[in-house]
Amino acid sequence: MSASTVRGVAPAERRRRRTGSLLGLAAWLCGIAFFLPVAWMVLTSFHSETDAATNPPSVGAGLTLHGYREFFGAGTGVSPWPPLLNSLTASVASTLLVLVLAVPAAYALSIKPVRKWSDVLFFFLSTKMLPLVAGLLPVYLIAQNTRMLDNIWLLVILYTSMNLPIAVWMMRSFLAEVPVEMLEAASIDGAGLPTTLVRIVAPVALPGIAATALISFIFSWNELLFARVLTGIVAGTSPVFLTGFVTSQGLFLAKVCAAATVISLPVLAAGFAAQDKLVQGLSLGAVK
Amino acid sequence: MPTKSAETHNEPDGRGGTRRPSSAEHPRRDAGTARRAAGWARRAPLLPALVFLVVVTQLPFVATVVISFTRWNALAPDNKGFAAFDNYKAVFTDPAMRSAIWTTVLLTVTVVLVSLVLGLGLALLLDREFWGRGVVRTMLITPFLVVPVAAALLWKHALYNASYGLINGTLTWIWKLFGSADPPQPDWMTASPLAAVEVALIWQWTPFMMLILLAGLQSRPADAVEAARVDGASAFDVFRYLTLPHLRRYLELAALLGTIYVVQNFDAVFTITSGGLGTANLPYTIYQTFYQAHDYGRASAQGVVVVVCSLLVATFALRTVSSLLREEVTR
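In order, the protein sequence lines correspond to chains S and P. Each number in the numbering used here corresponds to the 1-based position in the first sequence with 527 added. Each number in the numbering used here corresponds to the 1-based position in the second sequence with 8 added.
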């Protein structure tokens, strides 16, 4: 803050402004501190392997795409495309399935509520509180007997069940924002269910539904435990690939950072896109 | 189900107009049939999701309970049979399992509490206007959006590594500034393995806590704060008597959701320490019993114990959420 803007302002006000800008500075420092590891990951991914593994760190070293070329399989013969494609299949397909199942359910719980709707809602939530790992063994055995192991569609089904409860909660809260008066007016005007849904419910609820889809996508993309146990060579997803990537080939820091960056990109993009609705979704719609 | 939610069932939900039965105009029998049909019409959209969830998540738990009473190791397929409570006895007398329970509690409590406090501080900082607030907010959210496995690898190799990680590299750099060629170079992951996992998780979860608490702060009625200021209340008084009580529900919610996710953490433990040096938590231990030791019976018993513990936490948790929901309903 320059002196000219401060002149003629009461001392108390001046002090308040000074603490204000100090707090702003503190916020900036915290932001940078939290962002630093990610920045370091991206910077290292553009360094050569020798520059990546120096002590003290070589911040200003020349940039190269070597790490990314290595990651995309140049010379090593290990292509990241199958795992990336598997992650994409699992995330997109399960998100679509979540939408197909959750939209009607949320409709039944908010716009035309069934009796005891809050009990149903709590049942959905309670499934989220049971550790997934405790149901993993039977799923593994069933998959083994039905020859579904190492099959990406098994993950699609499991990820759907993992995200469905959150999606129902989230969408219920978005659908609940549709004004009752508008629904009543539509019903007085004789609008049928399809018209009501398309003309009144959809415009209000669509941004929320899109955010729900993005969050479901993020959770599926991130999942490791199920993918690690239930997939292998054919259906391995990106997180599984990432863990195997390090152990099987020794450590190449720049390459690992390039891999981590590439695999995080879809989630970062989805997360920034859903930023505003992210909290509301993750807090199960309880925080507006 | 928590009893608190019970009173919400019969309350008007603000949509009374759409659910008022029209029985007055019809003879009673027709009305009954019609109401039943209408009831099913309301329930029908719910059924696919419910059936799917019961089949995919609840039935495996039933199977887990059944398997937990059998003697079943995949490496010895001939020696299979009814084990009664042997697996449970083994679980409760196993020091590794006890250590896993302790590790899980310690890990969860530390990560949730520290990230809650840090998140609160950051939310308070971000609640005021300052230049570049949007940029800072985005920078703070980023750790939460990095794929968990990638984040764990980043901490393990690029930051903690004793010979070329950023932390020790920075120490070398600082010591050099002061002309010393002998900086401390601790091996973070072997010196304090659990803390190494915790710091990485706190880094990922603080942004989440911050986002929830920031939403809470911004829903705070501004006029009450203004009135208190005019009456001469100090910033601390405003925080202690206005902000904190208002934030209570948001703090509870953030702690609850953080707990749900951190208790189940597998990625960080698996990637950073592979459960070594006393960092194996319950999910990792079950994974090991089942996937590496192939002891299906024991793994299932461990799973059942975890579920029972989770149910205890969940009952409390659901009550918290139920009070949030009731507020929304009676709004």
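Beta carbons are placed, not taken as given, at the ideal position from N, Cα and C, and that holds for glycine.
Less than 9 Å separating the beta-carbons of residue i and residue j?
i, j, result
"P:Asp275", "S:Leu751", "yes"
"P:Ala108", "P:Tyr249", "no"
"S:Ala694", "S:Val619", "no"
"P:Phe152", "P:Trp80", "no"
"P:Ser308", "P:Asn95", "yes"
"P:Thr78", "P:Gly283", "no"
"S:Thr687", "P:Phe298", "no"
"S:Thr723", "S:Leu741", "no"
"S:Leu657", "P:Thr65", "yes"
"S:Cys784", "P:Leu167", "no"
"S:Ser637", "S:Val731", "no"
"P:Phe138", "S:Ser548", "yes"
"S:Ser765", "S:Ile790", "yes"
"P:Pro201", "P:Ala170", "no"
"P:Pro215", "P:Gly286", "no"
"S:Pro564", "P:Trp211", "yes"
"P:Ala204", "P:Thr281", "yes"
"P:Leu174", "P:Leu148", "no"
"S:Thr616", "S:Ile679", "yes"
"P:Ser331", "P:Leu209", "no"
"P:Asn289", "P:Thr111", "yes"
"P:Val154", "S:Leu769", "no"
"S:Phe753", "S:Leu663", "yes"
"S:Glu597", "S:Phe799", "no"
"P:Val271", "P:Val321", "yes"
In whole angstroms, give me the CA-to-CA distance for residue i and residue j.
i, j, result
"P:Pro29", "P:Ala262", "In this predicted model, P:Pro29 has a pLDDT of only 46, less than 50, meaning its place in the structure is not dependable enough to derive any value."
"P:His254", "P:Ala232", "11 Å"
"S:Ala566", "P:Gln310", "40 Å"
"S:Val641", "S:Leu691", "19 Å"
"S:Ser575", "S:Gly594", "7 Å"
"S:Ile745", "P:Asp239", "47 Å"
"S:Thr571", "P:Gly187", "27 Å"
"P:Ala42", "S:Pro631", "22 Å"
"S:Ala560", "S:Gly551", "14 Å"
"S:Pro513", "P:Ile75", "In the structure as shown, chain S begins at 528 and stops at 815. Residue 513 of chain S is therefore absent and cannot be evaluated."
"S:Tyr634", "S:Pro609", "37 Å"
"S:Val707", "S:Leu733", "17 Å"
"P:Ser242", "P:Ala235", "12 Å"
"P:Gly266", "P:Met218", "12 Å"
"S:Thr654", "P:Pro68", "12 Å"
Can you name, in chain order, every residue of its own chain whose Cβ lies under 6 Å from the Cβ of residue i, other than the five neighbours on each side?
i, result
"S:Arg755", "Val767"
"P:Leu54", "none"
"P:Tyr258", "Ile220, Leu221, Gly224"
"P:Thr328", "Glu260, Leu264"
"S:Leu611", "Ser765"
"P:Leu180", "The question names Leu, but residue 180 of chain P is Thr in the sequence shown. Once the five neighbours on either side are set aside, the close Cβ partners of P:Thr180 are Pro191."
Per the DSSP calculation, residue i is bridged to which residue(s)?
i, result
"P:Phe90", "P:Thr78"
"P:Asp303", "P:Asn81"
Could you spell out the range, first to last residue, of the alpha helix (DSSP H) harbouring residue i?
i, result
"P:Thr111", "103-134"
"S:Lys643", "Neither: S:Lys643 is in no alpha helix (DSSP H) and is coded neither H nor E."
"P:His254", "252-271"
"S:Ser585", "It is not in any alpha helix (DSSP H) - S:Ser585 carries neither H nor E in the DSSP assignment."
"S:His593", "593-598"
"P:Lys184", "174-185"
"S:Leu676", "Careful: S:Leu676 lies outside any alpha helix (DSSP H) and carries neither H nor E."
"P:Val246", "243-246"
"S:Thr722", "720-723"
"S:Val569", "538-572"
"S:Ser714", "707-715"
"S:Gln807", "802-809"
"S:Ser743", "729-749"
Spatial neighbours of residue i within its chain, please: C-beta separation below 7 Å, excluding the five flanking residues on both sides.
i, result
"P:Ala91", "Phe77, Thr78, Arg79, Gly305"
"P:Thr72", "Ser308, Gly311, Val312"
"S:Trp644", "Leu636"
"S:Ala670", "Leu676, Leu681, Leu757"
"P:Val99", "Met105, Arg306, Ala309, Gln310, Val313"
Might you give, ordered along the chain, the residues of its own chain that have their beta carbon closer than 8 Å to the beta carbon of residue i, omitting 5 neighbours on each side?
i, result
"P:Tyr295", "Phe274, Phe278"
"S:Ser531", "Unreliable placement is indicated for S:Ser531, whose pLDDT of 48 sits below 50; the coordinate value is still reported in the next sentence. So the list is empty, once near-sequence residues are dropped."
"S:Leu648", "Leu636, Val695, Trp696, Arg699"
"P:Asn87", "Arg79, Asn81"
"S:Ile736", "Leu626, Val630, Met698, Phe701"
"S:Ser606", "Phe599, Gly600"
For residue i, verify whether its CB is less than 8 Å away from any heavy atom of the ligand HEM.
i, result
"S:Leu752", "Ligands are entirely absent from the displayed structure, and the ligand HEM is therefore not among its contents."
For this session: Check distances from the C-beta atoms of the segment 533-552 of chain S to those of chain C and list, in chain order, the residues that come in under 8 Å.
Result: In the structure shown, chain C does not exist; the protein chains are S and P.
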